Ligand code: UTP
């Protein structure tokens with residue numbers, strides 16, 4: 026069972042400036058909900074029951090969003106707008122928060138969750154990757170494989186060759202349809218990507234990842250890179266990659282965010 030998940034949401038969102046000066050990328054609207062709401066729902070729908078969201082000083086909007094608004098609830102009740110109250114859903118599960126003092130990188134944000142996780146396997150979901158699927162939630166697809174293989178598993182999707190330089194890209198051997206035993210991982214390869222399989226922001230890790238995160242020094246872009254910890258993990262234990270069925274949208278890419286908005290805008294009921 027995977028009971029706990031970390032959602033890192035403390036980055037600067039520099040690719041989406043200037044709006045991210047005041048609105049966190051994780052709070053970008055997708056239909057009438059912020060992006061992170063879909064990801065929190067995905068985690069709970071996948072069987073997770075405790076989530077730690079890593080925020081920063083500038084991200085109080087996220088904490089406020091998942092809290093009750095007593096005045097608003099009282100107002101809707103008084104006005105007999107029960108239907109709006111029903112629609113006003115706060116995900117039903119435990120959400121905890123902690124702060125990352127400096128945005129030193131994704132690896133650093135995960136490292137901060139060590140005490141929350143303790144000594145058990147756990148999930149990581151990046152709130153800027155939204156997955157539209159028709160059946161099984163993206164994270165659940167990884168959890169199902171974890172239950173069978175009991176090793177760390179990284180979510181993957183196939184990406185056009187010219188886009189691979191924007192992602193972590195893996196090298197691996199297919200052990201069954203869509204599942205790979207990983208040999209290597211490269212962060213944003215400028216040339217000769219090892220495959221067309223890009224990392225999608227969903228992961229299951231054994232707690233061993235914290236040992237590897239603890240050893241890291243700043244890597245590409247001066248950041249503590251999760252990819253470097255995975256590279257190190259690969260040397261000491263088996264790690265799998267699994268293609269997640271569904272459509273992935275990286276809302277940190279303006280083009281993909283607008284594509285998702287158009288899709289959802291045309292059928293708001295679908296989400
Ligand atoms: P990204 O690299 O996509 O987000 O990290 P970013 O750094 O905010 O955005 P750009 O690249 O500058 O445009 C993936 C997730 O990890 C979080 C981000 O908030 C995002 O949800 N993150 C990143 C942290 O929590 N801490 C960090 O130091 C870096």
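Residue numbers (my numbering): 26 to 296. Glycine included, C-beta positions come from ideal geometry on N, C-alpha and C. These numbers come from a predicted model, not from an experiment.
Do residue i and the ligand UTP come close, with the Cβ less than 8 Å from some heavy atom?
i, result
"residue 301", "Outside the displayed range of the chain (26 to 296) lies residue 301, so it cannot be described from this structure."
"residue 253", "no"
"residue 128", "yes"
"residue 280", "no"
"residue 83", "no"
"residue 79", "yes"
"residue 172", "no"
"residue 134", "yes"
"residue 46", "no"
"residue 107", "no"
"residue 125", "yes"
Tell me residue i's beta-bridge partners as DSSP assigns them.
i, result
"residue 273", "156"
"residue 75", "29, 119"
"residue 223", "182, 194"
"residue 212", "193"
"residue 37", "Looking at the DSSP assignment, residue 37 forms no beta bridge with any residue, so it has no partner."
"residue 177", "264"
"residue 204", "201, 267"
Near residue i, what residues of its chain come up, given a Cβ to Cβ distance below 8 Å and the 5 sequence neighbours on each side ignored?
i, result
"residue 76", "29, 30, 31, 32, 65, 68, 69, 118, 119, 120, 121"
"residue 278", "40, 191"
"residue 198", "205, 206, 208"
Just to confirm my understanding: we take residue i, look at its own chain, exclude 5 residues before and 5 after, and list those with CB closer than 7 Å. What are they?
i, result
"residue 139", "235"
"residue 44", "none"
"residue 251", "131, 132, 135"
Pick out whichever of the options has its Cα sitting closest to the Cα of residue i.
i, options, result
"residue 160", "50, 269, 47, 288", "269"
"residue 74", "233, 175, 165", "165"
"residue 266", "287, 257, 227, 147", "227"
"residue 193", "71, 212, 163", "212"
"residue 225", "183, 96, 282", "183"
"residue 158", "189, 71, 52", "71"
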